[in-house]
Structures are given as structure tokens and as C-alpha cells.
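Residue 38 in the UniProt record's numbering sits at position 38 of the sequence shown; the count goes up by one each step and never skips.
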Amino acid sequence: MLSIGKLSGLTGVKVPTIRYYEQIGLLPKPERNEGGQRIYNNTSRERLNFIRHARELGFPLDDIRELLALSDDPDQSCEAIDAIAKRQLAEVEHRLVRLNALHRELERMVAQCTCGTVQTCRVIQVLGDHGLCAADHQKIMSHDIDQ
1 MLSIGKLSGL TGVKVPTIRY YEQIGLLPKP ERNEGGQRIY NNTSRERLNF IRHARELGFP
61 LDDIRELLAL SDDPDQSCEA IDAIAKRQLA EVEHRLVRLN ALHRELERMV AQCTCGTVQT
121 CRVIQVLGDH GLCAADHQKI MSHDIDQ
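Spelled out as C-alpha cells, the structure:
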């Protein structure tokens, strides 16, 4: 049996995050000892490791919830799981396109800076006037800003 602190240390997930995952139902409510402290078992540790790794790969909490539910029935087809993973892969690829556009624009902006005065600073000029940008990254990035 593990305390919440020990579980946190073993999984690398902070205590408030563990409590949050319990609150939203990703982790089942743990048993409590006589003193009222949460106690966890290895199944909770494995589930928390799964959640942490899925979060590191960028999966949203709703997808993680669905993946956990699907993993609870090991004899079913993994078609739904593959669909979730493919959707996440497509989102990562889309983010990479947006980040590459942002990278190119920032590189161009910095390269054009002559390190003169603030009054003539190309970085300040470009940030103040989107028309000075080489590409319309505004549309590309607006999806991320809106989220």
C-alpha cells in the first residue's frame, strides 16, 4: 500500500494532480487508512503511470478517459484505440506545421534586426505590424491561441 506522497514520488505526478485525477474520475477513489489518509495499490500506480505517459504524449484528458475505459476490456478489438492514437498523431503533425511556420518567421525577424535602437528595432516593428511578416502565420497560429 502506498501513501499519496509515495505514489507521487514513484510516478512523478504531483500530489495535487493525483487528487485532481481522482476528482475527475481518471483515478478511482482510493481506500483510506484508520487515520483517513489515502492509500493506493499497484493498480493505481500503473494507472497513474499510464495517465502520465499519455499526457506526455499530448493526449487530452477525454481521450485518456476513453483509452482507460477501452483498456478495461482487453478482449475487444483495438480499432477504437488506434483511431484515438491516429487522431493524436494528426494533431501533433498539425502543430508541427504551425510551429515550423512560427520558427521561420521568428528566425527571419531576428535575422533582420540590426541591433540598433529600439526605435529602429525590426523585432518591435514586425510585432507591431503583422503586414511585415513573410507569411500569414496568423491563421496558422489562431487555432492554438483560441484553445
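Backbone N, C-alpha and C define an ideal beta-carbon position, used for all residues, glycine too.
Given a threshold of 16 other Cβ atoms within 10 Å of its Cβ, counted over all protein chains shown, does residue i qualify as buried or as exposed?
i    : result
I84  : buried
L57  : exposed
T117 : exposed
V97  : exposed
P16  : exposed
L67  : buried
I51  : buried
I24  : exposed
P30  : buried
Report the three-state DSSP secondary structure of residue i (helix, strand or coil).
i    : result
I24  : coil
L2   : strand
E66  : helix
E79  : helix
E107 : helix
E31  : strand
Given this structure, state the Cα-to-Cα distance separating residue i from residue j, to the nearest angstrom.
i    : j    : result
R55  : C115 : 40 angstroms
Q119 : C113 : 12 angstroms
G9   : D72  : 25 angstroms
R47  : L26  : 9 angstroms
S44  : E22  : 10 angstroms
P74  : C121 : 60 angstroms
G36  : C78  : 39 angstroms
Practice task
Say whether the stretch 32–44 touches the stretch 1–8, bearing in mind that this needs 3 or more beta-carbon pairs closer than 8 angstroms, one atom from each stretch.
Solution key: yes
Exercise for the section: Inspect the CB distances between the stretch 72–82 and the stretch 100–110 and report whether three or more fall short of 8 angstroms. Expected result: no
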